[in-house]
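> Chains A and B, in that order, give the protein sequences.
In terms of the numbering used here, the numbers along the first sequence are unbroken and rise by one, the last being 307.
In terms of the numbering used here, the numbers along the second sequence are unbroken and rise by one, the last being 82.
Ideal Cβ positions, reconstructed from N, Cα and C, are used throughout, including at glycine.
As the structure is a prediction and not an experimental result, all values here were calculated from the model.
Submitted below is the structure of interest, expressed as structure tokens.
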Amino acid sequence: MGAQLRVYRQKIKSAQTTKKITRAMELISASRIQKAQARVAASTPYSRAITRAVSAVASYSNVDHVLTTEPEKIERAAIVIFSSDRGLAGAFNSNVLKASEQLAELLRSQGKEVVYFLIGRKASAYFAFRRRASVRTWTGGTDSPQFETAKEIGDALLESFLTPASEGGVDEIHVCYNRFISMLVQEPEVVRLLPLEVVEGVEELDSKTVLPLYNFEPDAEKVLDSLLPVYIESRLFNAMLQSAAAKHAATQKAMKAASDNADGLIRDFTRLANNARQSEITQQISEIVGGADALSSAK
Amino acid sequence: MATPLKVSVVSADHEVWTGEATMVIAKTVEGEIGILAGHEPMLAILASGEIRITKADGAKVQAQADSGFLSVENNTVTIVAGTASLI
């Protein structure tokens, strides 16, 4: 076998092996999207109930809460980046990181100092590679987010928000995550989490449904006090679930593209290999014929 | 008791129980509260503890809820907790 032919055969084999892997990953993430989407759907009643309750308190009491009041001067802003633990998801992680860089630039141009909270191994690797500091990182478990993690993140963010800026706290918190729009479209989304601006953000209540006059127990202030952190946790949890679903969708898309690409490569290399084989045969024939000619003319 | 209460118990990641009931007993930070049909609209913070639901047919459902709140309006009771499970 000629050297050229062997090289092509090797390349075909390697493309075939890669295709097997990417095909498997495509199928795995396809099945995980379903699960992730179901989890997003399952958490909807919770966030709906909380949103409703928060809007009820907010609209029926004029309580000024520390989490809803805008600080006079914003010195430091935090960006929370939701990335994934694993790559091979196309532009998934770079999209969200790019969005956060843009946001950071905007915030810096407004004279704010920017600090980071990172979720997912990819974001922390991105920061570690550039030797940039982050306040806290959470890695592992981005594929199937747990509510406990959301709670932990929420607690850390609240603590940092409630610390005055002069002591290292932040005055403003933004979150950056990939929203799952459809199997084909995932878009990075940037939302300001704190101070809370529009309370009825997640789900617009019908204008017809009049919220009843609630009785608060123990009182409106205390209810708001315990509701708002929960509301924030539910927003974070939702972001994590969205990001997980988007990650699986992005992986599926990327792996599908990779498998298709492998198909193309295999086809092209097969053509080339056939070509090489054919020209090898042609050469052998001409050598034999040339040899025979030489022999017969020598007689 | 013409209209039964619509009760739903939801936790962060799923709906724990939903259905119709005649009475709901829950533990708020101020003490235990029993809710029957026609209760006034209310929002209360739950203490971690047991929730007892008496269904329309008299059967009982018990659930454990942790760190959440309870809202009552138009004969709809929503119990929202970070973690909740049926016992």
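State the DSSP-derived secondary structure class of L192 (chain A), mapped to helix, strand or coil.
Your numbering for residue 192 (chain A) matches position 184 in the first sequence. Correct three-state label for L192 (chain A): coil.
> Please state if the CB of A21 (chain B) and the CB of G77 (chain B) are separated by a distance shorter than 7 Å.
Residue numbering aside, residue 77 (chain B) sits at position 82 when the second sequence is read from its first letter. Residue numbering aside, residue 21 (chain B) sits at position 26 when the second sequence is read from its first letter. The answer is no: Cβ separation not under 7 Å.
> Could you please give me the residues that DSSP links to T71 (chain B) through a beta bridge?
As a first step, residue 71 (chain B) is located in the second sequence; it is residue number 76 there, counting from the start. Answer is B:K1, B:E68.
> Where E211 (chain A) and A266 (chain A) are concerned, what is the direct C-alpha to C-alpha distance, given to the nearest angstrom?
Against the first sequence, residue 211 (chain A) aligns to sequence position 203. Against the first sequence, residue 266 (chain A) aligns to sequence position 258. Caution is warranted here: a pLDDT of 47 is assigned to E211 (chain A), below 50, making its placement in the model unreliable, and the coordinate value is therefore given only provisionally. Each residue's Cα considered, the two are about 38 Å apart.
> Considering only the beta carbon of each residue, do F90 (chain A) and I127 (chain A) sit closer than 7 Å?
Within the first sequence, the letter at position 82 stands for residue 90 (chain A). Within the first sequence, the letter at position 119 stands for residue 127 (chain A). A contact, by the Cβ cut-off of 7 Å.
> Quick check on H256 (chain A): does DSSP put it in helix, strand or coil?
Here the question's residue 256 (chain A) lines up with position 248 in the first sequence. Three-state result, H256 (chain A): helix.
> Alpha carbons only, please: which of A:T145, A:A141, A:R285, A:N246 is nearest the one belonging to R56 (chain A)?
The count along the first sequence starts at 1 and reaches residue 56 (chain A) at position 48. Among A:T145, A:A141, A:R285, A:N246, the Cα nearest to that of R56 (chain A) is on A:N246.
> Based on DSSP bridge pairs, tell me the residues matched to E10 (chain B).
Taking the second sequence and counting its residues from 1, one reaches residue 10 (chain B) at position 15. Bridge partners of E10 (chain B): B:V5.
> Reducing DSSP to helix, strand and coil, say where Q24 (chain A) ends up.
Within the first sequence, residue 24 (chain A) is the residue found at index 16, counting from 1. It is helical.
> Which first and last residues belong to the alpha helix (DSSP H) in which G310 (chain A) is found?
Given that chain A is displayed from residue 9 to residue 307, the structure contains no residue 310 (chain A) and the question cannot be resolved.
> Kindly say whether L38 (chain B), judged by its beta-carbon, lies nearer than 7 Å to any beta-carbon of chain A.
For the purposes of this step, residue 38 (chain B) is taken as the residue at position 43 of the second sequence. Chain A, which has a Cβ nearer than 7 Å to the Cβ of L38 (chain B), makes this yes.
> Establish whether the CB of N223 (chain A) and some CB of chain B are separated by less than 7 Å.
Against the first sequence, residue 223 (chain A) aligns to sequence position 215. For N223 (chain A), the answer is yes, since a Cβ of chain B falls inside 7 Å of its Cβ.
> Between B:A32, B:G33, B:M18, which has its C-alpha nearest Q57 (chain B)'s C-alpha?
The sequence position of residue 57 (chain B) within the second sequence is 62, counting from 1. Looking at the Cα atoms, B:M18 is the closest of the given residues.
> Under 7 Å, CB to CB, which of the residues in the segment 33 to 65 of chain A have a partner in chain B?
Answer in chain order: R47, A50, S51, P53, Y54, A57, I58, A61, A64, V65.
> With which residues is A85 (chain A) paired in a DSSP beta bridge?
Counted from its first residue, the first sequence places residue 85 (chain A) at position 77. BP columns for A85 (chain A) point to A:V122, A:E180.
> Per DSSP, what kind of secondary structure is G272 (chain A) in: helix, strand or coil?
By 1-based counting over the first sequence, the position of residue 272 (chain A) is 264. Helix, per DSSP.
> With a threshold of 7 Å on Cβ separation, who are the neighbours of A281 (chain A) within its own chain once the five nearest residues in sequence on each side are excluded?
Taking the first residue of the first sequence as 1, we reach residue 281 (chain A) at position 273. Closer than 7 Å at the Cβ level, and outside the excluded window around A281 (chain A), lie L13, Y16, R17, I20.
> I'd like the list of long-range same chain contacts for D93 (chain A), defined as Cβ closer than 8 Å, with 5 residues on each side in sequence excluded.
As a working mapping, residue 93 (chain A) is identified with position 85 in the first sequence. For D93 (chain A), where only same-chain residues beyond five positions count, the Cβ hits under 8 Å are G128, R129, K130, T147, G148, G149, T150, D151.
> Shorter than 7 Å from the beta carbon of V74 (chain A) to some beta carbon of chain B?
For the purposes of this step, residue 74 (chain A) is taken as residue 66 along the first sequence, with counting starting at 1. Cβ-Cβ to chain B under 7 Å: no for V74 (chain A).
> Can a CB atom of chain B be found closer than 7 Å to the CB of V231 (chain A)?
For the purposes of this step, residue 231 (chain A) is taken as the residue at position 223 of the first sequence. For V231 (chain A), the answer is yes, since a Cβ of chain B falls inside 7 Å of its Cβ.
> Residues of chain A with a CB under 7 Å from the CB of G33 (chain B): which are they?
Locating residue 33 (chain B) in the second sequence gives position 38, counting from the first residue. None at all; the shortest Cβ gap to chain A is about 13 Å.
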